[in-house]
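Q: This is the structure I have questions about; it appears just below.
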Amino acid sequence: MNMPAFQQQHAVFPAKANKIDDLVTTKFFAIGNSNPLLRSHAILILYAMPNGVTEMSRDIPNFVQTSTNLASVKTYDDYFFITTSQRSSVASALGDVVNRVAAVLKLAGAEVEHTDGYPGWSPNPKSNILQVSKKSYENLFNEEPKVLAAHAGLACGLIGETYPGMDMISYGSELKGVHSPDEKIHIKSVEKFRKWTLDILKNIPLVNQRYPAAK
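Using the working numbering, read the sequence shown as starting at 1129 and increasing by one per residue.
Here it is as structure tokens:
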């Protein structure tokens, strides 16, 4: 189970220099669209900007390690606004893709602004609590759980930053359409989640006895 770190970037391309200060604090990239030269820069950026998966994991088969997303392009007054975001489960790889995106924008004359991101959470297949949770699931439901890594933001990254070394897993009820107006929860899975959680808690005192700490 894995959570990639996340970074968002913003930049400003003014059509008129005296508007830089007005827009540099906005949560978008901005490119002046009333100036033909700057307008052509905006089009070139869309061609040159990295977008999509930039690197796959070397440790987990078929798992996206690093990606960048050209999220939106909008216009307002004399400006184009472009928002991008980057994710990676490896801090150095995140820094690299952030710099690549920023370089494209700066070469086109933009002022780039980075917003606060969130930390990544690297998977640990030998995690003690993961082994206990898997065994608990098998005992309760007579089937082996699927352990997956997700190229998405999870609370464990923030918790792990505050409590380094804490052994964690991320799990929960069955959800669909997460973070959308169509988000739904499968009601029966809530009771299943409750039973599983209680059984995990019963076995936590035995974790270190059953599974020596894995490095």
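Note that beta-carbon positions come from the ideal geometry of N, C-alpha and C, so glycine has one too. Quantities reported herein were computed from a predicted structural model and do not represent experimental measurements.
1) If we ignore side chains and look at the alpha-carbon of each, how far apart do S1301 and F1208 end up?
2) Please look up how many angstroms separate the CB atoms of P1273 and K1262, rounded, as I've assumed it's under 8 Å.
3) Pop quiz: V1225 and T1182 are said to be a contact at Cβ under 8 Å. What is the actual Cβ separation, rounded to whole angstroms?
4) Quick check on the DSSP output: what are the complete beta strand (DSSP E) runs of length 3 or more inside the region 1199-1239, in order along the chain?
5) Rank E1319, D1205, I1332, T1212 by C-alpha distance to the C-alpha of S1255 and give the top, closest one.
6) Determine the extent of the alpha helix (DSSP H) in which G1288 is found, giving its start and end residues.
7) Quick one: residues in its chain with C-beta nearer than 7 Å to the C-beta of A1221, no 5 flanking neighbours on either side, listed in chain order?
A: Let's see:
1) 41 Å
2) Contact flag correct, Cβ pair sits at about 6 Å.
3) 5 Å
4) 1207-1216
5) Closest option to S1255, Cα to Cα, is I1332.
6) 1283-1290
7) E1183, Q1193, T1194
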